Each structure stands twice: as C-alpha cells, then as structure tokens.
Amino acid sequence: MGEHIVLIGFMGAGKSTVGRWLSRKLSRQLLDTDAMIEARAGMTISEIFAARGEEAFRAAETEVLAGLAQRRQPVIVSTGGGMPMRAENREALRKLGSVVYLRVKPETVCERLAGDTTRPLLAGDDRQRKVETLLAQRGPIYEEAAHLTVDADARGPEAIAEEILHELHIV
565 MGEHIVLIGF
575 MGAGKSTVGR
585 WLSRKLSRQL
595 LDTDAMIEAR
605 AGMTISEIFA
615 ARGEEAFRAA
625 ETEVLAGLAQ
635 RRQPVIVSTG
645 GGMPMRAENR
655 EALRKLGSVV
665 YLRVKPETVC
675 ERLAGDTTRP
685 LLAGDDRQRK
695 VETLLAQRGP
705 IYEEAAHLTV
715 DADARGPEAI
725 AEEILHELHI
735 V
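With the sequence shown counted from 1, adding 564 to any position gets you this note's numbering.
In structure tokens form, the structure reads like this:
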C-alpha cells in the first residue's frame, strides 16, 4: 500500500469531514476529487450531470484519478461516492494508496443529507429507497476496492480518523 490515504464510501459517509481531520493530524494536503472535477469543468456536479450526463462525469473521475497517481507527496484523497464503480478506478485506487471504505447505513445517509439538494442521484421522491438501492449495489464494490473498512455510523470524525490511523499503523 502506498503512502496516500484514499477515502471511499457513499455520499454522506463523512469522507470530506474525516479527510479534513486526517489532513490536519498528518499535515498532508486534502484533495477532494469532486471539487477537482468541478474546478476543471467550471460547473457543479449537478450541472455536469444535467449538461453532459453521468457517463461524462464518470469519465472525468477517471481522468482525475490518473492525475493523482502522478503525485509524489503523500496526500489525503476524498473521492466521490461513485468513483470506485468503474473496475479501472478500483484498480487505480488500490495502487494509489491505502483505500479506506467509510461504511454507513441508509438511515445515517438520509439523516446526514436531509435538506441537501445537490445530489443528482438522490433527486426526486423516495430518497430513502434510492439510498437503500444504491448502497446495496455499491456496498460490495466499496468492500472490494478497500484495504480497510471502518464503520462510520454514530461516530465523530475524530474517532473514525483515529481508527484509520491506528489500523494503517501510521501513528
């Protein structure tokens, strides 16, 4: 496993929040793949989905991941929830560094994302069912991509980050 720490998991799992904590604790830069894609495209993820479609967004994720592989300085990477869905991305993620899956239950996702209208895959009615369906599809894929799985329900980001550091033997 490389020196980078890569956080994967469903939207609302806490990847960005835990990533910020790890970044401060280890004095490493935090790179958010969704933010990187938005900056490159000059539009939000919702706008990319609307204007170019999901496949174009997924292709942009793969491009960003290829760029991260060139970085030599150890960083913390917070990925978008769909990043590991492509087999080529899962392989690239595992080569990039220590991949940590932040696992959450559907109830946690719905609670954390209540009122969030920026998630294209959760737009419309019956958000709970969409979350359950997507988590059922993605959970096994996240498990396959990860070197380490950490339960992130009902725990603060500091406790989750401390477990990650302990399990990866970093501090």
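Ideal placement from N, C-alpha and C gives every residue a C-beta, glycine not left out.
Here the structure is a predicted model, which is why all the values come from computation and not from measurement.
Since residue i sits in a beta bridge, which residues does DSSP pair it with?
i	result
residue 661	568
residue 667	715
residue 594	640
Near residue i, what residues of its chain come up, given a Cβ to Cβ distance below 7 Å and the 5 sequence neighbours on each side ignored?
i	result
residue 652	626
residue 565	Summary for residue 565: the model assigns pLDDT 45, below 50, so the residue's position carries little reliability; its value from the coordinates is reported in the next sentence. Only 661, 662, 711 meet the Cβ criterion.
residue 578	666, 716, 721, 724
residue 691	674
residue 602	608, 609
residue 707	665, 713
residue 676	576
Give a yes or no on whether the C-beta atoms belonging to residue i and residue j are separated by under 8 Å.
i	j	result
residue 642	residue 583	yes
residue 575	residue 664	no
residue 699	residue 670	yes
residue 714	residue 726	no
residue 604	residue 622	no
residue 569	residue 595	no
Less than 6 Å between C-beta atoms, sequence neighbours within five positions excluded: which residues of the same chain meet that for residue i?
i	result
residue 600	628
residue 593	639
residue 581	721
residue 589	none
For the beta strand (DSSP E) that residue i lies in, which residues bound it at each end?
i	result
residue 641	640 to 642
Output the boundary residues of the alpha helix (DSSP H) element that contains residue i.
i	result
residue 598	597 to 605
residue 704	691 to 709
residue 633	Neither: residue 633 is in no alpha helix (DSSP H) and is coded neither H nor E.
residue 729	721 to 731
residue 734	Here residue 734 belongs to no alpha helix (DSSP H), and DSSP marks it neither H nor E.
residue 616	609 to 616
Excluding the 5 residues preceding and the 5 following residue i in the sequence, name in chain order all residues of the same chain whose CB lies nearer than 8 Å to its CB.
i	result
residue 647	572, 597, 625, 629, 653, 657
residue 615	607
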